[in-house]
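Student: Quick one: the structure is below, and I'll ask about it shortly.
Protein chains: 2
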Amino acid sequence: MSDTAMFPDPAGRTKADVEAGSELLPKFDGDGLVGAIVTDEAGAVLMFAWMNAEALARSLETGVAHFWSRSRNRLWVKGEESGNRLTIREARIDCDQDAVWLKVAVEGAGVACHTGAKSCFYRAIVPGDGGGFRLVKS
Amino acid sequence: MSDTAMFPDPAGRTKADVEAGSELLPKFDGDGLVGAIVTDEAGAVLMFAWMNAEALARSLETGVAHFWSRSRNRLWVKGEESGNRLTIREARIDCDQDAVWLKVAVEGAGVACHTGAKSCFYRAIVPGDGGGFRLVKS
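Protein chains in written order, with the numbering used here: chain X, -7 to 130; chain H, -7 to 130.
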């Protein structure tokens, strides 16, 4: 079975089917992707990445987060090199089924960001001294 | 000042500038957008939406979440009709500055989803009885 065949085409369904139904009908964008928000179980956002149908299917089937790398143009197991794999505790989908929320446990060193930070969102946006905005690590 | 002029072009900066610096250098995609993850202060993901430069600038300047609607092709104040505006408590940006995380308080009825749910992510993805996956409200 191909991975895209795993998910029905939502174009054949009603808005009510997509928003209120119990059928998984992911709405992949023009590039074949849905956004994936990754948080820890306490609710800290760790990273944001993309999934094509294969990445979503493998993530759900294996319980280990797979993504589609737009820069490398290939399927990608988060942590495949660092050992910081993401074990999926819960997967949720939004109303129009074009975004996924994964609650995960980070394996290995517990680090989700390639910079070595626990979360990719290691900087807050704050007002700058002379107007505009600047970033502070926190 | 135009809103796009508010943010420098990250193409003129190094990877270290973008990832480790204190300068806000949002990397808008080919459609001029960055993704925006919206959570409440407790860490529940409420919604995912898009921001162009104007939406990001107005959000930061006013403290009220503005987005770019891809379907309506216009700037959009979340809650402009329902009254459920999103007051930004904290804004964060990720390592490569192409995704924003807003921690918000939902005004009005405290409902972030157009369906009337508190969060757009009102369904979990669970294994189906006959294989595959299905959605359950929870």
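No residue lacks a Cβ here, since even glycine has one placed at the ideal position from N, Cα and C.
1) I'd like to check one pair, M39 of chain X with C105 of chain X: are the Cβ atoms closer than 8 Å?
2) Along chain H, in chain order, which residues have C-beta atoms closer than 8 Å to that of F59 of chain X?
3) Quick check on the burial criterion: 16 or more other C-beta atoms within 10 angstroms. Buried or exposed for L95 of chain X?
4) Which of the three DSSP states, helix, strand or coil, is assigned to R66 of chain H?
5) Distance check for G122 of chain H and R19 of chain H, CA to CA, integer angstroms please.
6) Just grab the DSSP bridge partners of M39 of chain H for me.
7) Which residues, in order along the stretch 75 to 96 of chain H, keep a beta-carbon less than 7 Å from a beta-carbon of chain X?
8) List, in order along the chain, the chain X residues whose C-beta lies closer than 7 Å to that of L16 of chain H?
9) What is the DSSP secondary structure of K159 of chain X, reduced to helix, strand or coil?
10) Opposite F125 of chain H in the DSSP bridges: which residues?
11) Can you tell me whether A41 of chain H is buried or exposed? The criterion is at least 16 other CB atoms within 10 Å of its CB, across all chains shown.
12) Got a sec, what are the start and stop residues for the alpha helix (DSSP H) R50 of chain H sits in?
13) DSSP three-state label for L16 of chain X, please.
14) Compare the C-beta of L25 of chain X with all C-beta atoms of chain H and state if any pair is closer than 8 Å.
15) Considering only C-alpha positions, which residue in the set X:L16, X:E11, X:S63, X:W68 is nearest to P119 of chain H?
16) For chain X, find out if any of its Cβ atoms is closer than 8 Å to the Cβ of G35 of chain H; answer yes or no.
17) Look at the alpha carbon of A97 of chain X and the alpha carbon of A45 of chain H, and state the distance between them as a whole number of angstroms.
18) Quick one: what's got a C-beta closer than 6 Å to W93 of chain X's C-beta in the same chain, skipping five residues either side?
Tutor: According to the structure shown:
1) Residue 105 of chain X sits at position 113 when you count from the first residue of the first sequence. Residue 39 of chain X sits at position 47 when you count from the first residue of the first sequence. Cβ atoms of C105 of chain X and M39 of chain X: closer than 8 Å.
2) For the purposes of this step, residue 59 of chain X is identified with residue 67 of the first sequence, where counting begins at 1. Here the premise fails: no neighbours, minimum Cβ distance about 13 Å.
3) Residue 95 of chain X sits at position 103 when you count from the first residue of the first sequence. Sequence inspection shows Lys at residue 95 of chain X; the Leu mentioned does not correspond to that position. K95 of chain X is buried by the Cβ-count criterion.
4) By one-based count along the second sequence, residue 66 of chain H stands at place 74. DSSP places R66 of chain H in strand when its eight states are reduced to three.
5) Walking along the second sequence from the start, residue 19 of chain H turns up at place 27. Walking along the second sequence from the start, residue 122 of chain H turns up at place 130. Inspection of the sequence shows that residue 19 of chain H is occupied by Lys rather than by Arg. Distance between the alpha carbons of K19 of chain H and G122 of chain H: 43 Å.
6) For the purposes of this step, residue 39 of chain H is taken as the residue at position 47 of the second sequence. Paired residue(s): H:V30.
7) E82, A83, R84, I85, D86, C87, A91, W93
8) Within the second sequence, numbered from 1, the residue matching residue 16 of chain H stands at position 24. By Cβ distance, chain X contributes I117, F125, R126, L127.
9) In the structure as shown, chain X starts at -7 and stops at 130, and residue 159 of chain X therefore has no counterpart that could be examined.
10) Translated into positions along the second sequence, residue 125 of chain H becomes position 133. Bridge partners of F125 of chain H: H:P119.
11) Numbered from 1 along the second sequence, position 49 holds the residue referred to as residue 41 of chain H. So A41 of chain H counts as buried.
12) Counting from 1 along the second sequence, the entry for residue 50 of chain H is found at position 58. Residues 45 to 54.
13) Mapped onto the first sequence, residue 16 of chain X falls at position 24. Correct three-state label for L16 of chain X: coil.
14) Counting from 1 along the first sequence, the entry for residue 25 of chain X is found at position 33. No, no contact with chain H.
15) Your numbering for residue 119 of chain H matches position 127 in the second sequence. That would be X:L16, whose Cα lies nearest to the Cα of P119 of chain H.
16) Counting from 1 along the second sequence, the entry for residue 35 of chain H is found at position 43. G35 of chain H counts as touching chain X.
17) Position 105 of the first sequence, counted from the start, is the residue given in the question as residue 97 of chain X. Position 53 of the second sequence, counted from the start, is the residue given in the question as residue 45 of chain H. Going from the Cα of A97 of chain X to the Cα of A45 of chain H covers about 33 Å.
18) Here residue 93 of chain X refers to the residue found at position 101 of the first sequence. So the qualifying residues of the chain are I29, R84.
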